[in-house]
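Under my numbering, the sequence shown has 19 at position 19, and the numbering climbs by one with no breaks.
Ideal Cβ placement from N, Cα and C applies to all residues, glycine included.
Step one of this worksheet: look at the structure below.
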Amino acid sequence: MRNSEKFIIRKQTSHRRTWGRVVILTALWLFVAFVIIVNFSFIFHLYSDSLVSFYLLMNLDYQLYEIVLGVIVTVSLIIWGYAAWRLRQLRGKQKHESA
């Protein structure tokens, strides 16, 4: 069996859909970075009028940090577990096909 026959062929996504995902993920990560910067500014007592407005708009507190961190860890573990399970499943199919 040649190496090219071992590859899994999947439908390629369109450029429009790919760029849409890039824009959405970039916007989400910029928002996360903004929230982190605002929070660290308050932790280190670096205040300005606009930072106070954003902080009040988001209404963040230390209990919310724990919840957000817990959600991030939980989602990361779920994704890692699913990826490991799926990889094991694909490798199992590959072994059965090559035998």
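By the 10 Å Cβ neighbour count, where 16 or more other Cβ atoms means buried, how is residue i classified, buried or exposed?
{"i": "VAL38", "result": "buried"}
At the level of alpha carbons, what is the spacing between residue i and residue j?
{"i": "THR18", "j": "ILE43", "result": "37 Å"}
{"i": "GLN89", "j": "LEU28", "result": "31 Å"}
{"i": "GLY92", "j": "VAL32", "result": "38 Å"}
{"i": "LYS11", "j": "LEU30", "result": "30 Å"}
{"i": "SER41", "j": "GLN94", "result": "52 Å"}
{"i": "TRP85", "j": "LEU51", "result": "44 Å"}
{"i": "VAL22", "j": "SER14", "result": "12 Å"}
What residue range does the alpha helix (DSSP H) around residue i cover?
{"i": "SER41", "result": "15-43"}
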